[in-house]
Amino acid sequence: MKNQSENKVYTLAEVLGKHTIAELKQMTQVLEVKVLSKAKKQEIIDALSAKLLDKELLTAWLLAAGKQEIEELELAMAEDVVIAEESGRFYYWRNLPVVFVTGDGVVVVPSETAAVYNEIKSDSEYAAKRARIDVMDEYLMSCVNLYRAIDITTFLSILNGQTGMNAKRPELESWLKDREAVRGQQMYFFEGGYILSEEYRTKKEGEVVDYHQLLERQGAMSYYIPAKSELLRYADPYYVEKTPSYAAFCRFIQVRLGRPENEAAVIGSHIQLIMRHGAMPKDIFAEMERFGLTEENEELMSDFITVMMDMYNNTRMPETRGFTTVEAQKADPSRQKKIANASEIVTSSMPIVKNRIGGKKIYPNDLCPCGSGKKYKKCCGRVNK
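Here is the structure:
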């Protein structure tokens, strides 16, 4: 997006000069730059400039960046990009800081920083490392989005098998450690021999979500390993597989709930994504209530259960290591017997119910089709109000 400034070039001194002394001193603390307590503003600017233009440091930051972040940096160097104050874009670069945002929202890469970047980029050794990192990063993103947790041996087998890059465990562990030191929190991290999704070290109701619970649910299942083109689609955390059951769910939203086709697709994508993230039936019903699905309309609810469960059972889930519930139960019929209480079932673990429903209308006092043994009105028919 072009801005009225017409790609105005800013020097690092100009950008830093727009900050207060207090803000500059805060930067020195973050960057571990030593300045005297009574240092003048220009002295602080000079010290920060020397640090921010250090080629070795900038190289480390570049190698810790993901492919998308490199693209963001180059975009800001090529043209004026305007972002809202609360935008999460350029967070990595702003946090270091490598880029700055002017009062009118223009993302600025100081001219000296751009020059150092171009010098680093032209180095063949850096280019080779960058290309290798881009591939690893894309596979790491894909695997944590599909599986949430994957042991490092299996990950390397997938990576090397599909790319031929012959990455070794020490190399991967070292890079993950270096990346962690620079970035702090990110989309994935390494712990206990597993590459894990970021959600497993974030707070949920005051407690860290325990990935061991996921591993316990996965059991000894093998991993579903898609072809390269399919797997890399999961690098996008919002990727939704357009399965026949997804299409049927969207048609239900469009035809039975009277929503436009594009809105039905958005709703269908949202529901599939929260299924993959462990939403329970009551969560899905609560979401759907906003779109006109209520427990008072028993026939509509019954038909919704059918299409919802069909999409449930044919969506690739972390708890089944990328397999759908249908595929997992074919491989291990005992999985269904482990389900005891529908109110505790994560969406990916719900049993297959389409044949059990058989097109029959479900009444409030009927047994719930999810297999819990409870009455429908006390189980999946209960909308979370």
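Quick note on numbering: the sequence shown equals residues 2 to 386 in my numbering. Note that beta-carbon positions come from the ideal geometry of N, C-alpha and C, so glycine has one too.
By the beta-carbon neighbour count (other beta carbons within 10 angstroms, threshold 16), Q43 is exposed. Taking each of A79, T154, A66 and D138 in turn and checking the Cα distance to A116, the smallest one comes out for A79.
Annotated three-state conformation of A168 is coil, per DSSP. Straight-line spacing of the CA atoms in I268 and K52 works out to 48 angstroms. In the DSSP assignment, L25 falls within the unbroken alpha helix (DSSP H) covering I22 to V31. With distances taken between CA atoms, Q273 lies nearest to M318 out of T29, I46, M137 and M318. CA-to-CA, the gap between E200 and L215 works out to about 12 angstroms. Annotation for T12: P111, S112 and E113 place their beta carbon closer than 7 angstroms to its own, counting only its chain and skipping 5 residues before and after.
Burial state of Y239 is exposed, judged by a 10 Å Cβ sphere holding fewer than 16 other Cβ atoms.
Looking at the backbone, the Cα of A228 and that of E15 are separated by about 50 angstroms. Only exposed fits E24, as fewer than 16 other CB atoms lie within 10 angstroms of its CB. For A150, the enclosing beta strand (DSSP E) stretches over residues A150 to D152. For L197, the uninterrupted beta strand (DSSP E) run begins and ends at Y195 to S198, by DSSP. By a beta-carbon distance limit of 8 angstroms, L49 contacts L17. Their separation comes to about 6 angstroms. For V108, the enclosing beta strand (DSSP E) covers residues V107 to V109.
With respect to the 8 angstroms criterion, D152 and S246 are not classified as neighbours on the basis of their beta carbons. For the 8 angstroms CB-CB criterion, G162 and Y224 do not form a contact. No residue range can be given for F91, since it is assigned to no beta strand (DSSP E) and is classified by DSSP as neither H nor E. In this structure I285 is buried. Its beta-carbon is surrounded by 16 or more other beta-carbon atoms within 10 angstroms.
At the C-beta level, D138 and G67 come within 8 angstroms of one another. Taking each of M281, R291, N298 and S303 in turn and checking the Cα distance to Y313, the smallest one comes out for M281. In the three-state scheme derived from DSSP, where H, G and I count as helix and E and B as strand, E192 is classed as strand. In this structure, the beta-carbon distance from M289 to T316 does not fall below 8 angstroms.
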